[in-house]
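The structure appears below as structure tokens.
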Amino acid sequence: MPQYDFLVIGSGIAGLSYTAKIATYFEEKRKNVKIAIITKTIAEESNTKYAQGGIATVWKDEDSFEKHIEDTMVAGDFMSDKRAVEIVVTEAPERLKELIAYGTNFDKKEDGSYDLVKEGGHSDQRILHHKDSTGNEIERALLEKVKSFKSVDFFTHYFAIDLITQHHLGEKVTKDTPDKKCFGAYIFNTITGKTETFLAKTTLLATGGIGQIYQSTTNPTIATGDGIAMAYRAKGLVEGMEFIQFHPTSLYQPGKKPSFLISEAVRGHGGILKNMDESTFMEKYDERLSLAPRDIVARAIDSEMKKNGVDHVYLDTRHLDHEDFTHHFPMIYQYCKDNLGLDITGKDMIPVVPAQHYLCGGIKVNEYSQTNINFLFAAGECSSTGLHGANRLASNSLLEAIVYAHRAFLKSIEIFEDNILPTNIPDWNDEGTTHPEELVLVTEMARELESIMSNYVGIVRTDRRLKRAYDRLELIYLEHEELYRQSKISVQINELRNMINVAYLIIKDARARKENRGLHYNLDNIKE
5 MPQYDFLVIG
15 SGIAGLSYTA
25 KIATYFEEKR
35 KNVKIAIITK
45 TIAEESNTKY
55 AQGGIATVWK
65 DEDSFEKHIE
75 DTMVAGDFMS
85 DKRAVEIVVT
95 EAPERLKELI
105 AYGTNFDKKE
115 DGSYDLVKEG
125 GHSDQRILHH
135 KDSTGNEIER
145 ALLEKVKSFK
155 SVDFFTHYFA
165 IDLITQHHLG
175 EKVTKDTPDK
185 KCFGAYIFNT
195 ITGKTETFLA
205 KTTLLATGGI
215 GQIYQSTTNP
225 TIATGDGIAM
235 AYRAKGLVEG
245 MEFIQFHPTS
255 LYQPGKKPSF
265 LISEAVRGHG
275 GILKNMDEST
285 FMEKYDERLS
295 LAPRDIVARA
305 IDSEMKKNGV
315 DHVYLDTRHL
325 DHEDFTHHFP
335 MIYQYCKDNL
345 GLDITGKDMI
355 PVVPAQHYLC
365 GGIKVNEYSQ
375 TNINFLFAAG
385 ECSSTGLHGA
395 NRLASNSLLE
405 AIVYAHRAFL
415 KSIEIFEDNI
425 LPTNIPDWND
435 EGTTHPEELV
445 LVTEMARELE
455 SIMSNYVGIV
465 RTDRRLKRAY
475 DRLELIYLEH
485 EELYRQSKIS
495 VQINELRNMI
505 NVAYLIIKDA
515 RARKENRGLH
525 YNLDNIKE
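No gaps in the numbering here: position 290 of the sequence shown is 294 in the working numbering, and each next residue is one more.
And the structure:
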């Protein structure tokens, strides 16, 4: 069984920036270490790749840390951890400089200064971006950097199944066990069909989001909550799962998954939300109009759609300068033209609808990205640092990932030698299992799960809807458990297993919250 000093599960901005720092540190120390990066498809595929808008940081003299902190607290409905917010905001400029040093190209003006833009919820222009494909540009630069290190082994088309803890040595492990330790993970090689044991002194979960449990999401197909589910099964603490952010403006294309994102920056650039009759409506909901925080805008659109009996609203960009718009948003402009035949700077408005976009909760970590399981770290969207509170401020997610990946790196190099790996860890045992003949059952269960979450645990909730979701999910869980026990490992069965775990955590936390805060909006919580 392979043994590594550092095991990184996920190849987005959190996993790659953490790996780059670890590899750089030990290369400079001229000390040999072994680092493994596990990714379930190709290295480039991650939530990071699809991030359009940008990355927020205080970059100009007119702006201030205090303003960015306040904007974050307001957007999070003052449920954000103030310490986490201060850490991210004040450490942001240094982390951005590192990304630039790695080769990330952010857009500049003619005078050579960075083209900072403003997005919903921000009080100043502080978003660095690369056209409307910022995440893809960051992913490119980080991958080039990481692949230059001899100490890093990439394992593509490998699927992480479960974390290895004392549980696998026959010891009883609960959430209250004080000395829980992670020793690596069982990883399924999708090419050979074999499950391999990866031992590691330190493990980082950087597995991204949970979007595939919803019918409409901007997340890629790999976003099935794997890291959160693995941590939960290993008795890791998970929190804030009720706070699901729906991006207000995904492109309306019925049946398409993932949904194409119309970036927040389009509204920051002057795009205006309108009904089908071209009337504006945001003035009825918030004085910040189309630039209100995402939770407010998403609920406003949901309300207008239900009130008018329509499937979408519009984002009007026809009044914006054609050359300037296509310079800033070439991908959005071309996609709308090629796929829907729309001239969005001429005669056509953009049809938009909310879609699941981001999870504000996740695996609970401290200020160094440590979980309650020793030698297990989590960073990026799968983690809950406390930064986002009840609602994420636009363009704070990529920022959080690099800040906490850096902090995870600092703590990792400090403690990794302390983990003595046991010699008696068993290999994966699948005796008595068979290849399931009817994977159609898994597909059907996944569709039913998506339907339950979309219809009952969406933008607006009620106690009755949440109970119905819980009851129906329990039936899916029992059916899946029986199939899982009998079946050899497959990606489809394990993704569904993880999605069921994550859906349960979302419903459980949503039922427990008896007040409306940020992204959690329950009609039964409204006081007369």
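Every residue, glycine too, gets a C-beta built ideally from N, C-alpha and C.
Pop quiz: residue i and residue j are said to be a contact at Cβ under 8 Å. What is the actual Cβ separation, rounded to whole angstroms?
i    : j    : result
I419 : I191 : Not a contact, Cβ separation roughly 23 Å.
S401 : G366 : Actually they are not in contact, since the Cβ atoms of S401 and G366 sit about 11 Å apart, beyond 8 Å.
K278 : K239 : Not really, about 49 Å apart at Cβ, beyond 8 Å.
Q249 : Y408 : About 18 Å; that fails the 8 Å criterion.
S399 : G58  : 5 Å
I463 : A302 : 6 Å
Y481 : I504 : 5 Å
A189 : G14  : The pair is not a contact, with the Cβ atoms about 12 Å apart (cut-off 8 Å).
F158 : L11  : No, F158 and L11 are not in contact; Cβ-Cβ is about 12 Å, not under 8 Å.
G231 : C364 : Incorrect: roughly 15 Å between the Cβ atoms, too far for contact.
D299 : N395 : 5 Å
Y533 : A383 : The question about residue 533 has no answer, for the chain in this structure spans 5 to 532.
Closest to residue i by CA distance: which of the options is it?
i    : options                : result
L173 : R517, L425, L479, H484 : L425
A204 : P430, I26, Q7          : Q7
S307 : G125, P334, F285       : F285
G107 : H72, E143, D81         : E143
T221 : V506, Q360, I480       : Q360
H171 : I429, F159, L380       : I429
G436 : E32, R298, V92, I493   : I493
I195 : T160, A269, N343, G313 : T160
F82  : I13, T61, G390         : G390
F381 : A227, I417, T225, S267 : I417
Q129 : D75, D281, K176, S263  : D75
I336 : V314, A304, S263, N370 : S263
S294 : Y339, K260, Y318       : Y318
S267 : D320, N312, F333       : F333
H72  : G124, L346, A227, L523 : G124
T225 : Q496, D528, R521       : Q496
P258 : A233, K176, L344, E141 : L344
D166 : Y236, I131, L100       : Y236
L487 : F247, M449, I46        : M449
G197 : T438, L397, D315, G384 : T438
N601 : M280, E287, A227, T178 : For the chain, the structure presents residues 5 to 532; residue 601 sits outside this window and is missing.
E517 : T94, V177, E246        : It should be noted that the sequence gives Arg, not Glu, for residue 517. Nearest C-alpha to R517: E246.
Tell me, please, whether the CB atom of residue i is closer than 8 Å to any CB atom in chain D?
i    : result
G274 : This model lacks chain D altogether; it includes just one protein chain.
Could you tell me the boundaries of the alpha helix (DSSP H) in which residue i lies?
i    : result
A450 : 444-460
Y474 : 467-490
E28  : What sits at residue 28 in the sequence shown is Thr, not Glu. From DSSP, the alpha helix (DSSP H) with T28 extends over 17-32.
V156 : Looking at the DSSP string, V156 is not in any alpha helix (DSSP H); the run it does join, the beta strand (DSSP E), is 156-160.
N142 : In the sequence under discussion, the amino acid at residue 142 is Ile, which differs from the Asn named in the question. Unbroken alpha helix (DSSP H) run through I142: 138-150.
T330 : 326-332
Could you pull the start and end residues of the beta strand (DSSP E) that residue i belongs to?
i    : result
I406 : Careful: I406 lies outside any beta strand (DSSP E), inside the alpha helix (DSSP H) at 401-419.
V301 : No beta strand (DSSP E) contains V301, which is instead part of the alpha helix (DSSP H) from 298-312.
Y8   : 7-13
D320 : 317-320
E200 : 198-209
I497 : Counting along the chain, I497 falls outside any beta strand (DSSP E), though it belongs to the alpha helix (DSSP H) covering 495-516.
G188 : 188-193
A40  : 39-43
task = Could you tell me which uninterrupted beta strand (DSSP E) segments, each at least 3 residues in length, are contained entirely in the segment 342-390, listed from first to last along the chain?
result = 354-363, 366-368, 380-382
ask   = How about the segment 86-98 and the segment 341-361: do they share at least three Cβ pairs that are nearer than 8 Å?
value = Taking one beta carbon from each stretch, the segment 86-98 and the segment 341-361 have fewer than 3 pairs nearer than 8 Å; the two do not touch.
ask   = How about the segment 27-44 and the segment 60-75: do they share at least three Cβ pairs that are nearer than 8 Å?
value = no
query = Looking at C-beta atoms only, is the number of pairs between the segment 509-516 and the segment 461-481 that lie closer than 8 Å three or more?
reply = Pairwise C-beta distances place the segment 509-516 in contact with the segment 461-481, as three or more of them are shorter than 8 Å.
inquiry  = Taking contact to mean 3 or more Cβ pairs, one atom from each stretch, closer than 8 Å, check whether the segment 364-383 and the segment 241-248 are in contact.
reply    = With the rule of 3 Cβ pairs closer than 8 Å, the segment 364-383 counts as touching the segment 241-248.
task = Inspect the CB distances between the segment 140-154 and the segment 113-126 and report whether three or more fall short of 8 Å.
result = no
ask   = Going along the chain, which unbroken runs of the alpha helix (DSSP H) with 4 or more residues stay wholly within the segment 233-307?
value = 268-272
inquiry  = Just to confirm the assignment: which complete alpha helix (DSSP H) runs, minimum length 4, are found wholly within the segment 62-118?
reply    = Counting only runs of 4 or more, we get 69-79, 86-105.
message = Quick check: the segment 252-268 against the segment 215-233, are at least 3 beta-carbon pairs closer than 8 Å?
response = yes
inquiry  = Any contact between the segment 209-218 and the segment 323-331? By contact I mean 3 or more CB pairs, one from each, below 8 Å.
reply    = no
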